[in-house]
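Using this note's numbering, the first residue of the sequence shown is number 159, and each one after it goes up by one.
Positions of the beta carbon are idealized from the N, C-alpha and C atoms, including for glycine.
Treat the numbers as computed from the prediction; the structure is a model and nothing was measured.
Inspection log for the structure reproduced underneath, given as structure tokens.
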Amino acid sequence: MVSSIVNDFAAGMLTRGPDIHGRISLPIDTVPRQLSGALDHRIVVLKKFVIDCDSVVFGGHHIDNRALCDALHNNPDHFSPFRESAPTRTNMRSGGGPFAPDNVRTLAGVFSALVSRGITFGTEFSRRGRSLFTSPDDFRAACRDTGRRDPQYFCNPSAYGRYNPRRSTSFVDDYWKLLQIHRWPALDDAGLIPFMVCFRFFKPANKKSRFPEIGDLTAYLLTADYIYAGVVAKPTLEEMGTIIHIINKGAVKALETVGLLSTRLTTQGGNRVTSTVEECTEAFRRSHDLVASSAPEQRRAAVGLDYIVTENTLCKFSRALSCGLISLE
């Protein structure tokens, strides 16, 4: 009974009476005492998710949860909270890749970064193939050199979760042409590019995507890639709250699920209203403390459990739940 009520709370189904929006969910600070224990349990599940993933990814251990263990072994790009240790990112950060010091501030580098995030991410090609391309023709030559003909070897329509039929290798020509029009700031600036400046280069505010299939989420992922490459400044807590608010996907869902973020308003039409930037920022701050404290102390220094890792952990937690790899029960 309590579990059912908590699920309704996390889904925004509990109300205090109608207003102009139809229904209002309970603020997290007014969670009924009877539900607080169940929500505390959900935080324990999140912390155990971090501990289990650490044990498998870095310790090489087997855990009781065989489904999660197999997922981390078979598809770490899709399920591991530790983004920089996943195979696609490992290949992208290699000596000859777009984020290598000699390439990271070049046209070929940013073109290849777009290709990685917009086309090849999560494929065998992204894990094993060449990752730096000097032109669209060079990318096509790299594909031909593999001897493979299966389109999904080079482009995974479900790279970020949902199947996206628009995702295509043909975007290479668009990316190259658009980079001749919109100049990548790092070509001219040897210093650190502000976090939001980079994000808005890849996805301008209140406009359609500048580059095909590079929306808010992918623009953020690219920006994070460049943070680790030493080109973009690390985000502040407030900037991370803003990003989570803008993307409004896996991280927000995880924060609501564990009760760190108030569930959103549900309109009479059934739509969910976005939480405020301030709410997202405070919830993310609390989640960062939880995630950081869950990992072994030596791992915090080795991996660098920063805001980027926390956001990725929240997204992977939501995905693991939706795929039935972990349970809130």
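Where the alpha helix (DSSP H) through residue i begins and ends
i	result
Asn232	Arg224 to Asn232
Asn249	Pro245 to Met250
Trp334	Phe329 to Ile339
Asp447	Val435 to Ser452
Tyr465	Tyr465 to Ser480
Ser270	Leu265 to Val273
Ile385	Asp374 to Tyr386
Glu414	Gly408 to Thr415
Ser367	First-last for Ser367: undefined, no H or E at that position.
Ala299	Pro294 to Asp303
Phe291	Unbroken run through Phe291: none, as it is neither H nor E.
Phe359	Phe353 to Phe360
C-beta atoms of residue i and residue j nearer than 8 angstroms
i	j	result
Phe312	Thr292	no
Ile339	Ala391	no
Leu380	Phe360	yes
Arg251	Phe257	yes
Asn406	Thr432	yes
Glu397	Phe442	no
Val449	Arg200	no
Glu436	Ser420	no
Ser243	Val202	no
Cys227	His220	yes
Leu345	Leu290	no
Arg285	Asn249	yes
Val330	Phe283	no
Among the options, the one whose alpha carbon lies nearest that of residue i
i	options	result
Ile466	Ile402, Glu436, Glu455 and Gly417	Ile402
Trp342	Arg368, Tyr318, Asn364 and Ala363	Arg368
Asp235	Ser485, Tyr318, Ala225 and Phe216	Tyr318
Tyr384	Gly399, Gly253, Val268 and Cys301	Val268
Gly373	Arg302, Asn322, Asp303 and Leu418	Asn322
Leu272	Pro245, Arg224, Phe357 and Ser213	Phe357
Ala229	Gly482, Glu487 and Leu486	Gly482
Ser270	Gly255, Asp347 and Asp260	Gly255
Nearest-angstrom Cβ-Cβ length linking residue i and residue j, presumed shorter than 8 angstroms
i	j	result
Lys474	Ser328	Incorrect: roughly 30 angstroms between the Cβ atoms, too far for contact.
Lys490	Ser452	Any property of residue 490 remains undetermined from this structure, which presents the chain solely from 159 to 487.
Ile484	Phe207	6 angstroms
Ala409	Glu469	5 angstroms
Asp332	Pro362	In fact, because the Cβ distance is near 16 angstroms, the residues do not count as touching under 8 angstroms.
Leu413	Leu472	7 angstroms
Trp334	Pro294	5 angstroms
Ser326	Lys411	The Cβ separation is near 28 angstroms, so there is no contact.
Ala300	Gly287	6 angstroms
Within-8 angstroms CB hit, residue i to chain C
i	result
Val203	Absent from the structure is chain C; it holds one protein chain and no more.
Touching or not, the segment 260 to 280 and the segment 371 to 388, by the rule of three or more beta carbon pairs under 8 angstroms? With the cut-off at 8 angstroms, the segment 260 to 280 and the segment 371 to 388 touch.
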